[in-house]
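Input: a single structure, listed below in structure tokens.
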Amino acid sequence: MSLDKKAVRAIAELARIEIPDEDLDHLAGELSGILQFVEQLAEVDTTGIAPMSSVADLTLPLRKDEVTDGGQVAAVLANAPDADDGFFTVPKVVE
Amino acid sequence: MIIQGDTGDWEIVIGLEVHAQVISKSKLFSGAATDFGAEPNDQVSFVDAGFPGMLPVINEKCVEQAVRTGLGLKAKINLTSVFARKNYFYADLPQGYQISQYDMPIVGEGTLLIDLADGSSRAIGIERLHLEQDAGKSIHDMHPSKSYIDLNRSGVALMEIVSKPDMRSPEEAGAYLTKLRTILRYLETCDGNMQEGSMRCDANVSVRPVGSTELRTRCEIKNVNSIRFVQQAIEYEARRHIDVYENGGEIRQETRLFDSAKGETRSMRSKEHAHDYRYFPDPDLLPLVVAQDFVDGIQATLPELPDDKKARFMTDFGLNSYDAGVLVAERASADFFEQVAAGRDAKMAANWVMGDFFAAMNSGDYSWEKPPVSAVNLGKMIDLIKDGTISTRLAKDVFIFMVETGKDPAIIVEEKGLKQVTDTGAIEKAIDEIMAANPDKVAEVKAGKDKLMGWFVGQVMKATQGKANPGMLNELIVKKFQE
Amino acid sequence: MTKLTNLTIAQARDKMAKGEFTALELTEAHITAMQAKRSLGAYITETAEQAREEAKASDLRRQAGQIGALEGIPLGIKDLFCTKGVQTTAASHILEGFKPPYESTVSGKLKAAGSVMLGKLNLDEFAMGSSNMTSYYGKVVNPWKSKSDPAKLLVPGGSSGGSAAAVAARIAMGATGTDTGGSIRQPAAFCGITGIKPTYGRCSRWGIVAFASSLDQAGPMARDVRDCAIMLGSMAGHDAKDSTSAPLPVPNFEAALTGDIRGLKVGIPKEYRPDGLSDEILRVWEQGIEWLKAAGATPVEISLPHTKYALPTYYIVAPAEASSNLARYDGLRFGQRVEGKTLDDMYKKSRAAGFGSEVRRRIMIGTYVLSAGYYDAYYSKAQKVRRLIAEDFTKAFQDVDVILTPTAPSAAFGMDENTDDPVTMWLNDVFTIPTSLAGLPGLSLPAGLNADGLPLGLQLIGRPFDEETVFKVAGVMESAANFTALPEGV
Ligand SMILES: [Mg+2]
Ligand SMILES: [Zn+2]
Numbered sequence: 001m002s003l004d005k006k007a008v009r010a011i012a013e014l015a016r017i018e019i020p021d022e023d024l025d026h027l028a029g030e031l032s033g034i035l036q037f038v039e040q041l042a043e044v045d046t047t048g049i050a051p052m053s054s055v056a057d058l059t060l061p062l063r064k065d066e067v068t069d070g071g072q073v074a075a076v077l078a079n080a081p082d083a084d085d086g087f088f089t090v091p092k093v094v095e
Numbered sequence: 001m002i003i004q005g006d007t008g009d010w011e012i013v014i015g016l017e018v019h020a021q022v023i024s025k026s027k028l029f030s031g032a033a034t035d036f037g038a039e040p041n042d043q044v045s046f047v048d049a050g051f052p053g054m055l056p057v058i059n060e061k062c063v064e065q066a067v068r069t070g071l072g073l074k075a076k077i078n079l080t081s082v083f084a085r086k087n088y089f090y091a092d093l094p095q096g097y098q099i100s101q102y103d104m105p106i107v108g109e110g111t112l113l114i115d116l117a118d119g120s121s122r123a124i125g126i127e128r129l130h131l132e133q134d135a136g137k138s139i140h141d142m143h144p145s146k147s148y149i150d151l152n153r154s155g156v157a158l159m160e161i162v163s164k165p166d167m168r169s170p171e172e173a174g175a176y177l178t179k180l181r182t183i184l185r186y187l188e189t190c191d192g193n194m195q196e197g198s199m200r201c202d203a204n205v206s207v208r209p210v211g212s213t214e215l216r217t218r219c220e221i222k223n224v225n226s227i228r229f230v231q232q233a234i235e236y237e238a239r240r241h242i243d244v245y246e247n248g249g250e251i252r253q254e255t256r257l258f259d260s261a262k263g264e265t266r267s268m269r270s271k272e273h274a275h276d277y278r279y280f281p282d283p284d285l286l287p288l289v290v291a292q293d294f295v296d297g298i299q300a301t302l303p304e305l306p307d308d309k310k311a312r313f314m315t316d317f318g319l320n321s322y323d324a325g326v327l328v329a330e331r332a333s334a335d336f337f338e339q340v341a342a343g344r345d346a347k348m349a350a351n352w353v354m355g356d357f358f359a360a361m362n363s364g365d366y367s368w369e370k371p372p373v374s375a376v377n378l379g380k381m382i383d384l385i386k387d388g389t390i391s392t393r394l395a396k397d398v399f400i401f402m403v404e405t406g407k408d409p410a411i412i413v414e415e416k417g418l419k420q421v422t423d424t425g426a427i428e429k430a431i432d433e434i435m436a437a438n439p440d441k442v443a444e445v446k447a448g449k450d451k452l453m454g455w456f457v458g459q460v461m462k463a464t465q466g467k468a469n470p471g472m473l474n475e476l477i478v479k480k481f482q483e
Numbered sequence: 001m002t003k004l005t006n007l008t009i010a011q012a013r014d015k016m017a018k019g020e021f022t023a024l025e026l027t028e029a030h031i032t033a034m035q036a037k038r039s040l041g042a043y044i045t046e047t048a049e050q051a052r053e054e055a056k057a058s059d060l061r062r063q064a065g066q067i068g069a070l071e072g073i074p075l076g077i078k079d080l081f082c083t084k085g086v087q088t089t090a091a092s093h094i095l096e097g098f099k100p101p102y103e104s105t106v107s108g109k110l111k112a113a114g115s116v117m118l119g120k121l122n123l124d125e126f127a128m129g130s131s132n133m134t135s136y137y138g139k140v141v142n143p144w145k146s147k148s149d150p151a152k153l154l155v156p157g158g159s160s161g162g163s164a165a166a167v168a169a170r171i172a173m174g175a176t177g178t179d180t181g182g183s184i185r186q187p188a189a190f191c192g193i194t195g196i197k198p199t200y201g202r203c204s205r206w207g208i209v210a211f212a213s214s215l216d217q218a219g220p221m222a223r224d225v226r227d228c229a230i231m232l233g234s235m236a237g238h239d240a241k242d243s244t245s246a247p248l249p250v251p252n253f254e255a256a257l258t259g260d261i262r263g264l265k266v267g268i269p270k271e272y273r274p275d276g277l278s279d280e281i282l283r284v285w286e287q288g289i290e291w292l293k294a295a296g297a298t299p300v301e302i303s304l305p306h307t308k309y310a311l312p313t314y315y316i317v318a319p320a321e322a323s324s325n326l327a328r329y330d331g332l333r334f335g336q337r338v339e340g341k342t343l344d345d346m347y348k349k350s351r352a353a354g355f356g357s358e359v360r361r362r363i364m365i366g367t368y369v370l371s372a373g374y375y376d377a378y379y380s381k382a383q384k385v386r387r388l389i390a391e392d393f394t395k396a397f398q399d400v401d402v403i404l405t406p407t408a409p410s411a412a413f414g415m416d417e418n419t420d421d422p423v424t425m426w427l428n429d430v431f432t433i434p435t436s437l438a439g440l441p442g443l444s445l446p447a448g449l450n451a452d453g454l455p456l457g458l459q460l461i462g463r464p465f466d467e468e469t470v471f472k473v474a475g476v477m478e479s480a481a482n483f484t485a486l487p488e489g490v
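Protein chains in written order, with UniProt numbering: chain C, 1 to 95; chain W, 1 to 483; chain X, 1 to 490.
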């Protein structure tokens with residue numbers, strides 16, 4: 001699979017990374033190279049093989065329904081680039 | 001419902017996605033509290049705020065609640081389910097993904113019976129129920145150029161309950177939501193409070209010419225916060241689709257918002273992005289496996305659900321479908337009624353509960369935990385009517401005193417002297433006095449003006465402060481005039 | 001007397017027990033060394049003052065008879081572990097200034113064992129790299145020099161390059177690393193130290209900045225096998241805050257170093273001899289086999305037929321998970337923000353300015369392979385091949401107790417080499433990635449020098465949760481190798 005500029009722009013949009021137009025060609029080349037490399041997997045016969053999403057041979061542990069966390073507004077906001085009145089803030093969103 | 005357009009008749013196809021907040025003390029994947037109305041960002045763990053290195057650990061109560069709800073919807077419980085990440089960027093989605101379930105939800109297909117106004121019922125298919133995290137809240141009106149973000153809701157457990165596109169009218173959609181809410185409340189898995197957002201509804205609406213079986217493009221109306229608004233939104237949206245089609249246009253699949261002030265739906269600007277959620281199994285969470293024993297254990301503790309209760313009220317108590325339906329709408333009202341009706345005339349108990357009792361309940365600051373009259377006292381009052389101590393008419397007064405004082409009705413009757421007069425002599429004496437004082441009216445009755453007899457009944461009642469046994473009074477007056 | 005900074009953890013532990021010096025003296029010696037070797041770029045953040053306080057507290061504990069397994073031992077912590085109140089950057093601009101209000105489980109356990117933190121160690125940005133060239137806070141220099149070109153700056157490997165360089169240069173007695181595709185083992189090999197990536201699930205991931213959640217695993221990097229065993233004993237253990245953490249007791253790893261490997265079967269995978277693999281690497285591998293034979297173990301040729309597909313599998317799985325894990329760096333709740341007119345504008349500008357080129361590239365590849373229409377061909381396919389790779393190991397371990405391979409296909413390379421093409425760069429991890437995909441423990445130890453005087457490492461791979469056998473065999477090899485060479489200035 002070879003990616004063109006338009007495809008790279010769409011991926012960057014999904015990933016929310018601003019890419020200057022002049023970088024698109026170079027990036028398209030790099031990403032296409034990577035995709036060509038990984039596409040060798042197509043030659044592996046995986047009929048009947050279940051995808052492996054974890055090597056941990058466990059099932060999900062469950063925790064008790066208890067309130068053990070929270071009540072730390074200052075700590076939650078301490079690293080925020082911009083906070084006001086107990087809230088995080090962002091440029092205004094129009095719904 | 002059939003909508004007549006210019007080109008022919010149209011039918012509406014509706015599917016509903018309900019987000020029901022799970023009743024639990026702490027969040028789905030963190031130990032922060034879930035209470036409504038806390039100070040902003042006070043119920044936030046670093047997991048909920050998507051801090052680096054934070055990991056989710058699932059709350060067993062939320063799993064139990066999802067299974068309980070699935071069983072209440074007579075649905076298939078999937079013993080193995082998988083959490084997946086739904087990736088998208090939004091200000092109130094701290095991790096940049098919502099942990100949800102995708103191709104392996106915890107609950108599969110089920111059914112829900114809706115009750116319609118004409119007394120009929122219809123089965124609506126449930127497609128699935130899955131567990132997922134709620135997002136935080138964006139507040140857009142606190143600053144001219146900024147939105148404010150509160151993450152208290154972030155990570156609260158939701159059950160997304162998806163119906164099949166089986167509904168055909170706003171009324172059916174309303175009935176579905178009403179019934180679903182009733183079931184959730186019976187199960188105590190969600191409080192169903194749409195105002196506080198603990199139950200939210202997205203409606204998928206499309207239309208098609210009557211007789212057609214294809215599904216046309218649907219629009220999703222997001223987060224409507226009352227049943228009435230859902231119905232309005234569906235109706236508006238259906239008519240909009242018909243208009244577009246009849247004018248030769250096409251409907252674009254999109255997410256819309258309902259403006260309850262204008263009664264309209266409109267396109268959501270923030271959702272205009274082409275969405276590609278890139279679901280994949282969450283590598284921080286392993287497959288969720290529940291044992292059949294666990295499911296059976298929950299099944300064994302399931303309460304009698306509204307449909308079964310209604311059927312039982314109809315057969316055991318002889319109630320009609322409407323009355324039974326009203327009483328079972330809330331588990332608490334059904335329980336209250338049953339307590340009142342135990343060993344008594346059930347029809348009479350139903351009338352008192354649905355009449356004076358419901359009226360009192362709605363008129364003041366009451367709840368099922370703090371009702372205006374206890375079930376025990378209401379039952380005793382019905383006994384007093386039955387044994388002739390008080391008349392139905394007097395009972396209305398006794399009821400009011402019960403609401404005011406909370407006292408035992410027998411004590412109220414005693415204290416207020418409301419005991420019904422059943423002494424024939426005393427009633428006869430009162431009749432004689434009224435007749436003696438109104439010879440002209442007596443003459444009129446005797447001349448054949450039967451209607452005036454009612455006036456005499458009223459006068460005697462007044463004279464006895466309403467305490468005369470109405471049956472005896474009627475009988476004696478008739479006898480007097482025949483003399 | 002040996003310089004305090006040249007002691008192993010075990011030696012320092014025993015000498016402090018005898019009262020030969022205090023934790024504060026040991027720490028002071030390391031602070032001095034750390035400050036003298038700033039040109040290596042090993043530390044992003046030095047915490048000398050805090051270290052002194054911790055050392056004093058350790059000495060007080062010792063006086064009170066409370067002596068942890070790492071009492072008074074000065075360590076460096078990879079800057080991927082969140083440390084309470086101490087800037088944690090993941091070597092990324094986007095996290096500059098971030099002070100976590102919490103301590104990662106592993107660094108917290110090391111603290112609880114009595115250790116002293118000297119500072120936060122440099123790494124490849126978000127642990128993405130094999131050269132430690134991608135850190136926003138500067139490149140890390142390998143303390144080893146090539147004989148033929150002593151002026152050439154060599155990479156320390158990555159992503160735990162700061163950790164490896166610090167341990168090799170004696171500016172930390174030991175360090176934490178994390179390994180997603182080889183990030184402990186490859187830099188350990190490049191810097192002539194020992195490092196182990198334990199079994200996935202052995203160490204808690206809680207509080208470690210995530211790269212690829214299904215692969216990330218913390219582990220120790222130290223001067224020898226015993227030190228790694230001591231450190232891992234303190235780092236490992238079940239953590240209820242990590243759902244993938246194994247609910248298993250922690251063995252006494254140090255006790256596994258019995259020196260007796262008679263009768264053990266050692267697998268030698270025939271697929272680990274790709275065309276063009278250098279003679280030097282082959283020779284040190286052959287040497288390793290001989291040492292094991294001499295100690296009474298039996299080499300057995302095994303086949304791991306899907307080895308060739310491990311690299312492409314990894315370069316789908318890891319970026320996919322990373323693209324999602326790194327979505328939280330959005331300039332909103334912590335780290336760096338670049339203001340924008342709209343929310344999306346702010347996201348895009350903050351992320352463009354905050355992430356370096358390798359991170360951006362991997363996020364984009366990961367985004368692509370998960371996107372609608374490509375998921376099955378890439379991500380789902382890779383997850384299936386991953387199972388085949390894991391099954392190769394399961395089958396092999398029916399016949400052998402441990403597997404021996406080279407750690408990396410080359411010794412440390414120059415900073416100006418190999419870096420233009422990402423795929424070539426990734427080949428560094430060709431021997432370590434299969435183990436990561438299978439979640440198995442893998443240890444690298446220095447086995448010799450190449451003709452240019454640079455260390456070469458060998459890798460031992462064990463069964464799931466059988467780090468003890470890995471340590472035992474590694475101990476025997478370490479004795480046989482008698483690797484005493486030291487980098488410049490030590
Ligand atoms: Mg949905
Ligand atoms: Zn949902």
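Using N, Cα and C, we set each Cβ at its ideal position, and we do this for glycine too.
Continuous alpha helix (DSSP H) stretch holding residue i: start and end
{"i": "W/D296", "result": "Q292 to A300"}
{"i": "X/P198", "result": "Looking at the DSSP string, X/P198 is not in any alpha helix (DSSP H), and its letter there is neither H nor E."}
Span separating the alpha-carbon of residue i from that of residue j
{"i": "X/C191", "j": "X/G182", "result": "14 Å"}
{"i": "W/G70", "j": "W/K309", "result": "19 Å"}
{"i": "W/I161", "j": "X/E53", "result": "55 Å"}
{"i": "W/Q292", "j": "W/I298", "result": "10 Å"}
{"i": "W/T217", "j": "W/R256", "result": "13 Å"}
{"i": "X/A320", "j": "X/K384", "result": "15 Å"}
{"i": "W/D191", "j": "W/A359", "result": "23 Å"}
{"i": "residue 538 of chain W", "j": "W/S138", "result": "One cannot answer for residue 538 of chain W here, as it falls past the ends of chain W, which runs 1 to 483."}
{"i": "X/N428", "j": "X/Q186", "result": "8 Å"}
{"i": "W/K86", "j": "X/K147", "result": "53 Å"}
{"i": "X/P156", "j": "X/P487", "result": "12 Å"}
{"i": "X/K381", "j": "X/K111", "result": "42 Å"}
{"i": "W/V156", "j": "W/Q133", "result": "6 Å"}
{"i": "W/D323", "j": "W/M314", "result": "9 Å"}
{"i": "W/M159", "j": "W/R312", "result": "29 Å"}
{"i": "X/V167", "j": "X/H306", "result": "34 Å"}
Residue i: contacting residues in chain X (beta-carbon distance under 9 Å)
{"i": "W/P371", "result": "Ordered by position in chain X, no residue passes the 9 Å Cβ test against W/P371, which lies about 44 Å from the chain."}
Supposed contact pair residue j and residue i - C-beta distance, whole angstroms, cut 8 Å
{"i": "X/L458", "j": "X/L388", "result": "About 26 Å; that fails the 8 Å criterion."}
Residue interval of the beta strand (DSSP E) (run including residue i)
{"i": "W/D382", "result": "Before going on, a small fix: residue 382 of chain W reads as Ile here, not Asp. Unbroken run through W/I382 is the alpha helix (DSSP H), A375 to K386; no beta strand (DSSP E)."}
Query raised in the report: Is there contact between the segment 296-306 of chain W and the segment 175-186 of chain W, where contact requires at least three CB pairs shorter than 8 Å?
Result: Segments in contact, yes.
Query raised in the report: Do the segment 111-130 of chain W and the segment 153-172 of chain W touch if we need at least three Cβ pairs shorter than 8 Å?
Result: Counting Cβ pairs under 8 Å, three or more are found: they touch.
Query raised in the report: Looking at C-beta atoms only, is the number of pairs between the segment 2-9 of chain X and the segment 472-480 of chain W that lie closer than 8 Å three or more?
Result: At 8 Å Cβ cutoff, the stretches do not touch.
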